[in-house]
Amino acid sequence: MKYIKTFSADTEVSQVALGCMRIADFTDSEADRYLSTSIDLGYNYFDHADIYGGGKCEEVFGGALRRNKSLRDKIIIQTKCSIRKGMYDFSKEHIVSSVENSLKRLGVEKIDVLLLHRPDLLMEPEEVAEAFDKLEKDGKVDFFGVSNHSAMQIELLKTAVKQELKINQMQLSITNATMLSSGANVNLDNRDGINKDGYLRDYCRLNGITIQPWSPLQRGFISGYFLENGENAELGKTVNEMAEKYNTTDSGIAIAWLLRLPDKMQPVVGSTNIQRITDIAKASEITMSREDWYKIYLAAGYKLP
Ligand SMILES: NC(=O)c1ccc[n+]([C@@H]2O[C@H](COP(=O)([O-])OP(=O)(O)OC[C@H]3O[C@@H](n4cnc5c(N)ncnc54)[C@H](OP(=O)(O)O)[C@@H]3O)[C@@H](O)[C@H]2O)c1
């Protein structure tokens, strides 16, 4: 496992994080094994949200931490708030109460990193600032960031929020790479050139913000494993060839492909399968060649003009 610095110059975090969106049905022993094995493999960063499993995912994780108290200090806990039924909510009241509920479910005294999950169309940066100040002052949250935010939305928040926003969690994978393809097709009248994020990748690099690719192994919007059903035969063939060449698995190649970007991204892997997270931890050491990175990009159907 490689380590990078993201939200703080004092803290090294595993370059691959584990996402806890799919752990709601873990038994106690499965949860204990997931937590302790991940740490043994070098993962030290766990991503949550108040809504995962309707709160159950934080509860299950919190249970494992209560049973294995010494592990709390070895890990970074990140959680998110703002998504509510039928709305997104950046009100001070909601942000503060969501964090308090997450703390209870996780059974910890503070959240290391809090992300605003999805941009609230009714956002008032001043209100977010008040919420962050209170959470920081009360010692409930150490660092803050965002998720699914465009460059300009981050700039808007920065007009009032005084804490640094060093993380932006965004969907990005081999089969969801418009954030990359738009950069190779600037000003061209084609699908790949459509920029949907305000040139977020460049903005984040320029501003030292770490992008956390979410669902790095999924195609579509969390609609299944990216190679499932063999829909894209050329991509499947290329990824399998690369897996053999680099002595890893196809999911290992998906992560190595993201880590080859010079941006120092931190993919958030949602696998609950111990063998897979073991293979991915090993794959994080791979340095893919430029030629192979582009072979996969082209096999996924993206074009170079
Ligand atoms: N910010 C946001 O808006 C947002 C949105 C969605 C997710 N997230 C975060 O991102 C994390 C990861 O998302 P995700 O769980 O969708 O990501 P993922 O890592 O892309 O996908 C994981 C899923 O793919 C399956 N899978 C992986 N490799 C496979 C293979 N070789 N064959 C068949 N199935 C395979 C896994 O099954 P196994 O468990 O069997 O391995 C699991 O169900 C979440 O946990 C969450 O923390 C954030």
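Under my numbering, the first residue of the sequence shown is numbered 1, with each subsequent residue one higher.
Just so it is clear, CB atoms sit at the ideal spot from N, CA and C, and this is done for glycine as well.
For the region 88-143, the full-length alpha helix (DSSP H) segments reaching 4 residues or more read 92-106, 125-137 along the chain.
Using a Cβ distance threshold of 7 Å, residue 18 and residue 36 do not count as a contacting pair.
A straight line joining the alpha-carbon of residue 292 with that of residue 299 spans about 10 Å. Looking at 201, 92, 289, 91, the one whose alpha-carbon comes closest to that of residue 169 is 201. Taking the Cβ of residue 272 as the reference point, at least one heavy atom of ligand 1 falls within a distance shorter than 6 Å.
Nearest in C-alpha terms to residue 6, of all of 302, 263, 273, 305, is 263. Residue 172 has its Cβ no nearer than 6 Å to any heavy atom of ligand 1.
Contact annotation: residue 283 and residue 256 have beta-carbon atoms nearer than 7 Å. When the five nearest sequence neighbours on each side are left out, the beta carbons in the same chain lying within less than 8 Å of the beta carbon of residue 188 are those of 305, in order along the chain. Residue 99 sits close to residue 135, with the two beta carbons spaced by under 7 Å. Here residue 249 is buried. Its C-beta has 16 or more other C-beta atoms within 10 Å. Bounds of the beta strand (DSSP E) holding residue 19 are 17-19.
Taking the C-beta atoms as reference points, residue 120 is found nearer than 7 Å to residue 88. If the five residues before and after residue 73 are omitted, its C-beta is found closer than 6 Å to no C-beta atom of its own chain. The three-state secondary structure of residue 79, taken from DSSP, is strand. Residue range 165-171 is occupied by the beta strand (DSSP E) that includes residue 170.
With contacts defined as CB atoms closer than 7 Å, residue 280 and residue 268 fail to qualify as a contacting pair. Of 14, 128, 43, the smallest CA-CA separation from residue 97 is found for 128. Residue 216 has its Cβ nearer than 6 Å to a heavy atom of ligand 1. Residue 54 has its Cβ no nearer than 6 Å to any heavy atom of ligand 1. At least 7 Å separates the beta-carbon of residue 227 from that of residue 220. By the C-beta density criterion, residue 27 is exposed, having fewer than 16 other C-beta atoms within 10 angstroms. In the same chain as residue 139, and ignoring 5 residues on each side of it, the C-beta atoms closer than 8 Å to its own belong to 109, 110, in chain order. For ligand 1, a non-hydrogen atom lies closer than 6 Å to the CB of residue 225. For residue 266, the three-state secondary structure derived from DSSP is coil. If you ignore the 5 residues before and after residue 61, its C-beta comes within less than 6 Å of the C-beta of 20, all in its own chain and listed in chain order. Taking 7 Å as the cut-off, the Cβ atoms of residue 117 and residue 83 count as close. A straight-line Cα-Cα distance of about 18 Å links residue 217 and residue 14. In the structure shown, residue 271 adopts coil according to DSSP, grouped into three states.
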